[in-house]
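Okay, structure first, notes after.
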Amino acid sequence: MNETDIRKMAADVLAGIAPEADLSTVGDDEDLREALDLDSMDFLNFLIGISERSGRKIPEADAPRLQTMRGLIGYLQGANANA
1 MNETDIRKMA ADVLAGIAPE ADLSTVGDDE DLREALDLDS MDFLNFLIGI SERSGRKIPE
61 ADAPRLQTMR GLIGYLQGAN ANA
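The sequence shown lines up with residues 1 to 83 when you count with my numbering.
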């Protein structure tokens with residue numbers, strides 16, 4: 001899974017949770033929750049959607065690593081590299 005695929009997947013998942021949120025306005029190092037005004041349940045649903053779409057189990061303990069686009073991309077590319 002490349003960076004473009006991950007960004008598209010994240011945007012698609014986000015559209016189902018917070019349709020008004022625009023991922024393209026968020027910098028790679030910005031906290032997704034703050035930048036997109038996601039509450040804890042929205043963010044949890046976002047991670048569940050990413051997990052389902054990517055086919056990768058995301059343990060709750062890893063959630064802090066996925067709070068930015070850079071973190072999400074690195075995490076999923078790292079998971080793919082180790083698969």
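The beta-carbon is built from N, C-alpha and C at its ideal position, and this holds for glycine as well.
| Asked | Found |
| --- | --- |
| Any idea if Thr68 is buried or exposed, counting beta-carbon neighbours within 10 angstroms, 16 or more meaning buried? | buried |
| By Cβ distance, which residues of its chain are closer than 6 Å to Val26, with the 5 residues on each side in sequence left out? | Ala35 |
| So is Ala11 buried or exposed if we call it buried at 16+ other beta carbons inside 10 Å? | exposed |
| To the nearest angstrom, report how far apart Arg7 and Met1 are at their CA atoms. | 10 Å |
| So for Gln67, helix, strand or coil by DSSP? | coil |
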